[in-house]
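Trainee:
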Amino acid sequence: MEIKNIFKNNQAWVADKLAKDKNYFENLSKGQTPSMLYIGCSDSRVTAEEMMGVKPGEVFVHRNIANLVNNVDLNVMSVINYGVRHLKVKHVVVCGHYFCGGVKAAMQASDLGILNPWLRGIRDVYRLHKDELNSIKDDDDRYNRLIELNVQEQCINIIKTAAVQQAYYERGLLVHGWIFDVKTGKLKDLNINFDKVLKDIIEIYDLNKQST
Ligand SMILES: [Zn+2]
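Residues 1262 to 1473, numbered by my numbering, are exactly what the sequence shown covers, in order.
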């Protein structure tokens, strides 16, 4: 990839879009009404729109290392709040991926500087599910399972927020946990039972009086 080619690519992309619809960018400039918030990994191999086959304007996107939803991360929390309360998305997706370097790093004993507090979120997931993970003998299987459990726990972190609880009760917002398999290109739905998860955690994390 050459930087100088990017502007050429952009010109070709603009021309292609306008050839199909001369008002394409004019319409895009009017505003966004995405129905989904996607929270994925920053990994360069895991695209958001491209692998889902969706167009600009359809998905509100946030990406960070290992698709974490940390409750003191103003960035992800602002994205969730804006997406749910203002854009009124119908679905929130956390999409992890196999071969995730962030999860791999969190499984190793090494000092990674500023990455330590970030990756601690994944070590916390490991601690929560230590018995299950330690019972998996194969290293790759254990790595893959931690990737799945990390997605599950980040979905739970989303469900802990007031904006999501309120949107769930008022308009049936749903949270989904998915995995992208870099080796096959396929998306897998972890089929997280939103109702059950909410019921399990609501005693402690209830932020909405409608649920009592
Ligand atoms: Zn990753």
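Heads up, the beta-carbon is just placed ideally off N, CA and C, and yes, glycines get one too. Here the structure is a predicted model, which is why all the values come from computation and not from measurement.
As an exercise, report each continuous alpha helix (DSSP H) stretch of at least 4 residues that is fully enclosed by the stretch 1329–1380, in chain order.
Mentor: Listed in chain order, they are 1335–1342 and 1362–1367.
Trainee: Using DSSP with H/G/I as helix, E/B as strand and the rest coil, what is Leu1289?
Mentor: Residue 1289 sits at position 28 when you count from the first residue of the sequence shown. Correct three-state label for Leu1289: helix.
Trainee: How long is the line joining the alpha carbons of Ser1290 and Gly1318, rounded to whole angstroms?
Mentor: For the purposes of this step, residue 1290 is identified with residue 29 of the sequence shown, where counting begins at 1. For the purposes of this step, residue 1318 is identified with residue 57 of the sequence shown, where counting begins at 1. If you take the alpha carbons of Ser1290 and Gly1318, they lie about 10 Å apart.
Trainee: Using a Cβ-Cβ cut-off of 6 Å (strictly less than) and excluding sequence neighbours within five positions of Asp1450, which residues of its own chain qualify?
Mentor: For the purposes of this step, residue 1450 is taken as the residue at position 189 of the sequence shown. Contacts found: Trp1439.
Trainee: Helix, strand or coil for Lys1495, going by three-state DSSP, please let me know.
Mentor: Only positions 1262 to 1473 of the chain appear in this structure, which leaves residue 1495 out of reach.
Trainee: What do you get for Asn1418, buried or exposed, if any count of 16 or more other CB atoms within 10 angstroms of its CB means buried?
Mentor: Working through the sequence shown from its first residue, we reach residue 1418 at position 157. Buried, by the Cβ-count rule.
Trainee: To which residues of the same chain is Thr1473 closer than 8 Å at the C-beta, ignoring the five residues directly before and after it?
Mentor: Along the sequence shown, read from residue 1 onward, the residue named residue 1473 stands at position 212. Bear in mind that a pLDDT of 47 at Thr1473, under 50, signals an unreliable position, so the number given afterwards is only what the model happens to contain. Around Thr1473: Asp1467.
Trainee: Beta-carbon separation of Val1320 and Met1297 under 9 Å?
Mentor: Looking up residue 1320 in the sequence shown gives position 59. Looking up residue 1297 in the sequence shown gives position 36. A contact, by the Cβ cut-off of 9 Å.
Trainee: Are at least three pairs of beta-carbons, each pair with one atom in the stretch 1341–1352 and one in the stretch 1431–1438, less than 8 Å apart?
Mentor: Contact between the stretch 1341–1352 and the stretch 1431–1438 is present, because at least three Cβ pairs lie under 8 Å.
Trainee: For the alpha helix (DSSP H) containing Ile1326, name the first residue and the last one.
Mentor: In the sequence shown, residue 1326 corresponds to position 65, counting from 1. Counting along the chain, Ile1326 falls outside any alpha helix (DSSP H), and DSSP gives it neither H nor E.
Trainee: Taking only the alpha-carbon atoms, compute the straight-line gap between Glu1393 and Asp1400 and give it to the nearest angstrom.
Mentor: Counting from 1 along the sequence shown, the entry for residue 1393 is found at position 132. Counting from 1 along the sequence shown, the entry for residue 1400 is found at position 139. Rounded to the nearest angstrom, the two C-alpha atoms are 13 Å apart.
Trainee: Round the Cβ separation of Ala1423 and Ile1341 to the nearest angstrom and send it over; I've been treating them as touching at under 8 Å.
Mentor: Counting from 1 along the sequence shown, the entry for residue 1423 is found at position 162. Counting from 1 along the sequence shown, the entry for residue 1341 is found at position 80. Rounded, the Cβ-Cβ distance is 10 Å, inconsistent with contact.
Trainee: Decide if Ile1264 is buried, meaning its Cβ has at least 16 other Cβ atoms within 10 Å, or exposed.
Mentor: Looking up residue 1264 in the sequence shown gives position 3. By the neighbour-count rule (16 or more Cβ atoms within 10 Å), Ile1264 is not buried but exposed.
Trainee: Quick one: grab the DSSP three-state call for Met1297.
Mentor: Start at 1 with the first residue of the sequence shown, and residue 1297 comes out as number 36. Note: Met1297 maps to strand in three-state DSSP.
Trainee: With a cut-off of 6 Å, give the chain-ordered residues whose Cβ is closer than this to any heavy atom of ligand 1.
Mentor: Listed along the chain, these residues meet the criterion: Cys1302, Asp1304, Ala1327, His1358, Cys1361, Gly1362 and Gly1363.
Trainee: For the alpha helix (DSSP H) that contains Val1443, what are its first and last residues?
Mentor: For the purposes of this step, residue 1443 is taken as the residue at position 182 of the sequence shown. Looking at the DSSP string, Val1443 is not in any alpha helix (DSSP H), and its letter there is neither H nor E.
Trainee: Restricting to Cα atoms, I'd like to know which of Arg1406, Leu1376, Arg1381 and Asp1402 is closest to His1390.
Mentor: To locate residue 1390, count along the sequence shown from 1; it is residue 129. Nearest of Arg1406, Leu1376, Arg1381 and Asp1402 to His1390, Cα basis: Arg1406.
Trainee: With 16 as the cutoff for other CB atoms within 10 Å, does Glu1414 come out buried or exposed?
Mentor: Counting from 1 along the sequence shown, the entry for residue 1414 is found at position 153. That one is buried.
Trainee: Taking 9 Å as the threshold (C-beta atoms), are Gly1357 and Trp1364 in contact?
Mentor: As a first step, residue 1364 is located in the sequence shown; it is residue number 103 there, counting from the start. As a first step, residue 1357 is located in the sequence shown; it is residue number 96 there, counting from the start. The question names Trp, yet the displayed sequence has Val at residue 1364. Against a cut-off of 9 Å, the Cβ pair of Gly1357 and Val1364 comes out as a contact.
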